[in-house]
Amino acid sequence: MYQKIMLTVDLNEEASWAKALPTALALCRSFGASLHVVTALPDYRMPLVGSYFPKDFAKKAHAAITEAQHEFIREHVPDDITVQSVIVDGSPWEAIVKAAKKLEVDLIVMASHNKRKFADYVLGPNAEHVVHHSKVSVMIVR
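Numbering (numbering that gives the first Met the number 0), first residue to last: 0 to 141.
Next up, the structure:
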């Protein structure tokens with residue numbers, strides 16, 4: 000049923016993967032699917048925001064997050080799973096939807112986590128946007 004499964008991960012928030020990762024791994028094993036671990040790097044190159052960062056900040060941030068994601072994969076994804084590391088830039092939900100289309104994934108697995116408590120109690124803002132804008136199935140793990 001699934002050949003390519005995307006797992007969204009915020010490397011600074013364990014809640015973004017603690018429950019979703021085991022689900023994604025089980026689905027990969029069940030269907031013989033590959034896992035595509037996606038982390039969004041916010042876009043700091045906007046003129047107003049970008050002016051507060053050094054010129055090479057985006058390049059260094061991208062390199063650091065790439066290394067951190069590779070370490071995450073080494074620690075948490077078993078060797079029997081075919082895995083791809085993907086770093087995307089921009090708004091998390093937009094970048095996830097674009098990456099899903101580009102990678103031609105069959106399913107997006109993501110956790111419902113939030114920091115705003117009541118306002119996003121049912122579904123986190125990024126998860127909600129992905130659900131509404133994605134052309135593929137989205138599994139929200141609570």
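We treat Cβ as the ideally placed atom computed from N, Cα and C, and that holds for glycine.
Excluding residues up to 5 positions away in sequence, I4, L6, L34 and V108 lie with their Cβ nearer than 7 Å to the Cβ of A23 in the same chain. Looking at the backbone, the Cα of A110 and that of K54 are separated by about 33 Å.
The beta-bridge partner set that DSSP reports for M138 consists of V108. Here the C-alpha atom of A63 lies approximately 27 Å from the C-alpha atom of V140. Counting C-beta atoms within 10 angstroms of its own C-beta, P21 has fewer than 16 neighbours from the protein chains shown and is therefore classed as exposed. In this structure, the alpha-carbon of V96 lies about 7 Å from that of H132. A32 is positioned such that its CB atom lies closer than 8 Å to that of Q2. When C-alpha distances from V135 are compared across V104, N125 and H128, the shortest belongs to V104. Taken atom to atom, the span from the alpha-carbon of T81 to that of F56 is near 31 Å. Only residues of its own chain outside the window of five on either side were considered, and among them A39 and N125 have a CB closer than 7 Å to the CB of P91, listed in chain order. In terms of Cα proximity to S29, the closest of V36, D88 and D79 is D79.
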